[in-house]
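Asks: One structure, pasted below without further comment.
Protein chains in written order, with this note's numbering: chain A, 389 to 673; chain B, 389 to 673.
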């Protein structure tokens with residue numbers, strides 16, 4: 389039988405809980421999520437469990453990071469399931485605020501990272517990173533964690549949050565965690581459940597393309613044009629998918645590079661109908 | 389003989405100092421300043437002294453809140469004098485970082501409050517409040533104060549910071565402190581020292597106009613058009629001054645009101661040559 393962990397729904401409540409822990413010298417690890425937890429999230433919770441005295445998992449489907457035509461309404465929600473999975477993975481407390489607790493009527497303050505948010509996912513999701521940075525800042529201020537855990541699958545999100553935390557001198561360590569994959573290579577995502585069977589069957593093409601690029605780089609290939617062509621030919625096999633972007637950028641500044649030099653990020657987004665999947669790997673030139 | 393207080397110039401240094409205090413349960417009060425301290429600042433330091441175990445005064449002329457045609461270069465600086473005055477008023481430590489400590493090369497993150505920053509000073513100082521909110525967020529994250537002290541002279545700044553702190557769930561209490569005035573009514577400001585003698589002689593007109601409005605409101609006048617005309621006729625006497633704005637707005641949303649109802653802010657900015665002075669009062673309808 390799994391243990392039941394408390395679930396705070398107000399800011400005052402989670403502050404009181406974590407404040408008591410901090411007062412007795414405990415360290416706090418935060419895993420911010422939008423719920424619909426899968427193995428990827430659970431790996432973050434386990435990492436937080438190993439490094440902190442108290443682990444809080446926030447579950448909040450943040451409306452300000454969804455565009456007007458995006459899937460906010462269809463975003464999967466399962467609080468009871470998430471709570472049980474979080475407990476099993478080692479979380480101590482859930483923070484699950486209603487929308488009006490996080491965004492009261494007079495809300496008008498935004499945190500924005502410029503430059504890093506222009507390309508990749510930022511191009512097709514205007515406002516997404518502004519909403520994400522704002523809610524993460526709020527969660528940091530509410531929970532005051534010593535460490536916060538983010539998956540490398542959302543590479544741009546991770547780069548943006550790391551830059552934001554550094555630029556604003558936030559007293560939190562940003563801990564990146566490796567992407568967790570299905571046996572066929574598809575990166576775990578809450579959105580995978582919305583793929584039709586034929587789409588799901590083609591979705592591993594993303595990681596296949598990335599792996600092909602990794603092999604080419606390992607064999608000495610440095611031209612991003614060559615890598616791009618190789619990946620597009622593999623993605624073309626996934627006839628139900630439509631490439632949103634496929635880019636090779638510097639790992640720190642996310643600016644496209646003509647040749648692989650230093651640490652680079654190869655990142656892509658592919659749409660299968662209404663479901664947009666992202667994936668990436670890092671390569672070294 | 390005045391005591392000498394330490395002056396931290398790096399983020400690591402001030403964090404270590406304040407962290408030790410917090411570890412033994414001390415409360416921290418922050419007074420953010422741009423230096424050139426006058427009685428107004430000293431009243432903030434004294435208020436902080438009365439309410440906290442440790443008082444830190446930050447002295448940082450924040451470049452990102454000055455516009456390209458503003459007086460960043462001419463802003464008065466006197467660290468030794470400020471340090472002595474701060475000590476005398478009860479401060480425990482100064483934080484005086486160089487510009488590159490606060491804004492390293494890859495700085496690209498901004499905190500912005502929308503709406504509240506459009507009118508009043510925001511209209512003639514685009515980007516000012518974004519820079520101010522960003523540096524105050526950084527100072528809050530660096531010093532993690534229990535309370536932070538701001539003067540009511542900068543009424544819009546105070547409203548913007550209060551909104552920002554509330555919206556972003558910052559764990560700090562924003563404490564407003566009354567405007568401190570010269571014997572002739574002129575609000576204390578680091579910029580007053582730059583007025584030529586004839587300008588200085590006319591500068592009390594701002595407060596005279598505000599006081600006239602207060603008297604009229606006290607006598608039952610509720611029309612902002614009438615108050616506006618009365619104030620402009622007084623300001624016209626200050627022939628060397630040019631009105632930048634003169635507005636009567638709701639105290640919370642800073643939106644212009646046609647009649648005085650509830651708590652309202654009467655705020656103005658007047659230019660004497662290159663020196664821009666601001667002042668305000670609150671009235672109740």
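A virtual CB, placed ideally from N, CA and C, is assigned to each residue, including glycine.
Just so you know, these numbers come straight off a predicted model, no measurement behind them.
1) Can you tell me which of the three DSSP states residue 656 of chain A falls into?
2) Would you kindly report the start and end of the unbroken beta strand (DSSP E) that includes residue 402 of chain B?
3) Could you compute how far the alpha carbon of residue 635 of chain B sits from the alpha carbon of residue 644 of chain B?
4) Alpha carbons only, please: which of A:546, A:402 and A:550 is nearest the one belonging to residue 495 of chain B?
5) Alpha carbons only, please: which of A:637, A:524, A:472 and A:403 is nearest the one belonging to residue 613 of chain A?
6) Verify whether the separation of the beta carbon atoms of residue 626 of chain B and residue 590 of chain B is less than 9 Å.
7) Tell me whether the beta-carbon of residue 509 of chain A lies closer than 9 Å to the beta-carbon of residue 666 of chain A.
8) Assuming contact is defined by CB atoms lying nearer than 9 Å, are residue 523 of chain B and residue 452 of chain B in contact in what I supplied?
9) Going along chain A in order, which residues have a C-beta closer than 8 Å to the C-beta of residue 496 of chain B?
10) Do residue 529 of chain A and residue 559 of chain B count as a contact pair if the criterion is CB distance below 9 Å?
11) Would you list the residues sitting across from residue 627 of chain A in a DSSP beta bridge?
12) Bridge partners for residue 396 of chain B per DSSP, in chain order?
13) Suppose contacts are defined by Cβ-Cβ distances below 9 Å. Is residue 631 of chain A in contact with residue 657 of chain A by that definition?
14) For residue 619 of chain A, which option in A:585, A:654 and A:640 has the closest C-alpha, if you only look at C-alpha atoms?
15) What are the boundary residues of the alpha helix (DSSP H) that includes residue 586 of chain A?
16) Would you check if the segment 531-540 of chain B and the segment 428-436 of chain B touch, i.e. whether three or more CB-CB distances between them fall below 8 Å?
17) Residue 541 of chain A: buried (16+ other C-beta within 10 angstroms of its C-beta) or exposed?
18) Are the C-beta atoms of residue 526 of chain A and some chain B residue less than 9 Å apart?
19) Give the residues of chain A in contact with residue 532 of chain B, contact being defined as C-beta atoms less than 9 Å apart.
20) Can you find a CB in chain B that lies within less than 9 Å of the CB of residue 365 of chain A?
21) Restricting to Cα atoms, I'd like to know which of B:472, B:414 and B:423 is closest to residue 392 of chain B.
22) Give every residue of the same chain whose Cβ lies closer than 6 Å to the Cβ of residue 578 of chain A, excluding the five residues on either side of it in the sequence, and list them in chain order.
23) Output the distance between the C-alpha atoms of residue 484 of chain B and residue 405 of chain B, rounded to the nearest integer angstrom.
24) With distances taken Cα to Cα, identify the nearest neighbour of residue 573 of chain B among B:595, B:562 and B:413.
25) Can you tell me where the alpha helix (DSSP H) holding residue 474 of chain A begins and where it ends?
26) So with CB distances below 7 Å, who are the chain B contacts of residue 529 of chain A?
27) Under the three-state reduction of DSSP, which class applies to residue 633 of chain B: helix, strand or coil?
28) Can you list the residues of chain B that residue 399 of chain A reaches, using a CB-CB cut of under 8 Å?
29) Taking 7 Å as the limit between beta carbons, can you name the residues of its chain near residue 445 of chain A, skipping five residues before and five after?
30) With burial defined as no fewer than 16 other Cβ atoms inside 10 Å of the residue's Cβ, what is the status of residue 603 of chain B: buried or exposed?
31) Can you check which of these residues, B:417, B:525 and B:450, is closest to residue 441 of chain B by C-alpha distance?
32) Would you call the CB atoms of residue 628 of chain B and residue 586 of chain B closer than 9 Å?
33) When the Cα atoms are used, what is the spatial distance from residue 606 of chain A to residue 501 of chain A?
34) Cβ atoms of residue 395 of chain A and residue 467 of chain A: under 9 Å apart, would you say?
35) How is residue 436 of chain A classed by DSSP in three states: helix, strand or coil?
Replies: Walking through what the data contain:
1) Working through the first chain from its first residue, we reach residue 656 of chain A at position 268. Three-state DSSP puts residue 656 of chain A in a strand.
2) Locating residue 402 of chain B in the second chain gives position 14, counting from the first residue. Unbroken run through residue 402 of chain B is the alpha helix (DSSP H), 399-411; no beta strand (DSSP E).
3) Within the second chain, numbered from 1, the residue matching residue 635 of chain B stands at position 247. Within the second chain, numbered from 1, the residue matching residue 644 of chain B stands at position 256. Each residue's alpha carbon lies about 7 Å from the other.
4) Translated into positions along the second chain, residue 495 of chain B becomes position 107. Closest by C-alpha distance to residue 495 of chain B, out of A:546, A:402 and A:550, is A:550.
5) Stepping through the first chain from its first residue, residue 613 of chain A is reached at position 225. Checked all of A:637, A:524, A:472 and A:403; the closest Cα to residue 613 of chain A is A:637.
6) Translated into the one-based positions of the second chain, residue 626 of chain B becomes position 238. Translated into the one-based positions of the second chain, residue 590 of chain B becomes position 202. Cβ distance < 9 Å, so residue 626 of chain B and residue 590 of chain B count as in contact.
7) Numbered from 1 along the first chain, position 121 holds the residue referred to as residue 509 of chain A. Numbered from 1 along the first chain, position 278 holds the residue referred to as residue 666 of chain A. Closer than 9 Å, so yes.
8) Within the second chain, residue 523 of chain B is the residue found at index 135, counting from 1. Within the second chain, residue 452 of chain B is the residue found at index 64, counting from 1. For residue 523 of chain B and residue 452 of chain B, yes; Cβs fall inside 9 Å.
9) Taking the second chain and counting its residues from 1, one reaches residue 496 of chain B at position 108. Ordered by position in chain A, the residues that pass the 8 Å Cβ test against residue 496 of chain B are 501, 502, 503, 504, 551 and 555.
10) Here residue 559 of chain B corresponds to residue number 171 of the second chain, with the count starting at 1. Here residue 529 of chain A corresponds to residue number 141 of the first chain, with the count starting at 1. Closer than 9 Å, so yes.
11) What you label residue 627 of chain A is simply residue 239 of the first chain in a count that begins at 1. Residue 627 of chain A is not bridged to any residue.
12) Counted from its first residue, the second chain places residue 396 of chain B at position 8. Per DSSP, B:483.
13) Along the first chain, one-based indexing puts residue 631 of chain A at 243. Along the first chain, one-based indexing puts residue 657 of chain A at 269. In this structure, residue 657 of chain A lies closer than 9 Å to residue 631 of chain A by Cβ.
14) Position 231 of the first chain, counted from the first residue, corresponds to residue 619 of chain A. The shortest Cα separation from residue 619 of chain A among A:585, A:654 and A:640 belongs to A:654.
15) Residue numbering aside, residue 586 of chain A sits at position 198 when the first chain is read from its first letter. From DSSP, the alpha helix (DSSP H) with residue 586 of chain A extends over 585-590.
16) yes
17) Start at 1 with the first residue of the first chain, and residue 541 of chain A comes out as number 153. Buried, by the Cβ-count rule.
18) Within the first chain, the letter at position 138 stands for residue 526 of chain A. Yes, residue 526 of chain A lies at the interface with chain B (some Cβ there is under 9 Å from its Cβ).
19) Within the second chain, residue 532 of chain B is the residue found at index 144, counting from 1. Under the 9 Å cutoff, chain A gives 532 and 559.
20) Lying outside 389 to 673, the shown extent of chain A, residue 365 of chain A is not represented and no answer is given.
21) Start at 1 with the first residue of the second chain, and residue 392 of chain B comes out as number 4. The shortest Cα separation from residue 392 of chain B among B:472, B:414 and B:423 belongs to B:472.
22) Locating residue 578 of chain A in the first chain gives position 190, counting from the first residue. Shown here for residue 578 of chain A: same chain residues with a beta carbon closer than 6 Å to its own, the five before and five after excluded, namely 424 and 464 in chain order.
23) For the purposes of this step, residue 484 of chain B is taken as the residue at position 96 of the second chain. For the purposes of this step, residue 405 of chain B is taken as the residue at position 17 of the second chain. In a straight line, the C-alpha of residue 484 of chain B is about 14 Å away from that of residue 405 of chain B.
24) On the second chain, residue 573 of chain B is found 185 positions in, with the first residue counted as 1. Taking only the C-alpha atoms, the option nearest residue 573 of chain B is B:595.
25) Residue mapping note: residue 474 of chain A aligns to position 86 of the first chain, counting from 1. Residues 467-477.
26) Sequence index remark: in the first chain, residue 529 of chain A carries index 141 (1-based). Those are 556, 557, 558 and 559, listed as they occur along chain B.
27) Your numbering for residue 633 of chain B matches position 245 in the second chain. If DSSP states are grouped into helix, strand and coil, residue 633 of chain B belongs with the strands.
28) As a working note, residue 399 of chain A is residue 11 in the first chain. 557, listed in chain order.
29) The residue given as residue 445 of chain A occupies position 57 in the first chain. For residue 445 of chain A, where only same-chain residues beyond five positions count, the Cβ hits under 7 Å are 419, 421, 433, 474, 479 and 482.
30) Counting from one through the second chain, the residue named residue 603 of chain B turns up at place 215. When all chains shown are included, residue 603 of chain B counts as exposed.
31) Counted from its first residue, the second chain places residue 441 of chain B at position 53. Out of B:417, B:525 and B:450, B:417 has the C-alpha closest to the C-alpha of residue 441 of chain B.
32) Within the second chain, residue 628 of chain B is the residue found at index 240, counting from 1. Within the second chain, residue 586 of chain B is the residue found at index 198, counting from 1. Going by C-beta atoms, residue 628 of chain B is nearer than 9 Å to residue 586 of chain B.
33) One-based indexing of the first chain puts residue 606 of chain A at position 218. One-based indexing of the first chain puts residue 501 of chain A at position 113. Those two C-alpha atoms are separated by around 33 Å.
34) Counting from 1 along the first chain, the entry for residue 467 of chain A is found at position 79. Counting from 1 along the first chain, the entry for residue 395 of chain A is found at position 7. Against a cut-off of 9 Å, the Cβ pair of residue 395 of chain A and residue 467 of chain A comes out as a contact.
35) Residue mapping note: residue 436 of chain A aligns to position 48 of the first chain, counting from 1. The answer is helix: DSSP assigns residue 436 of chain A an H, G or I state.
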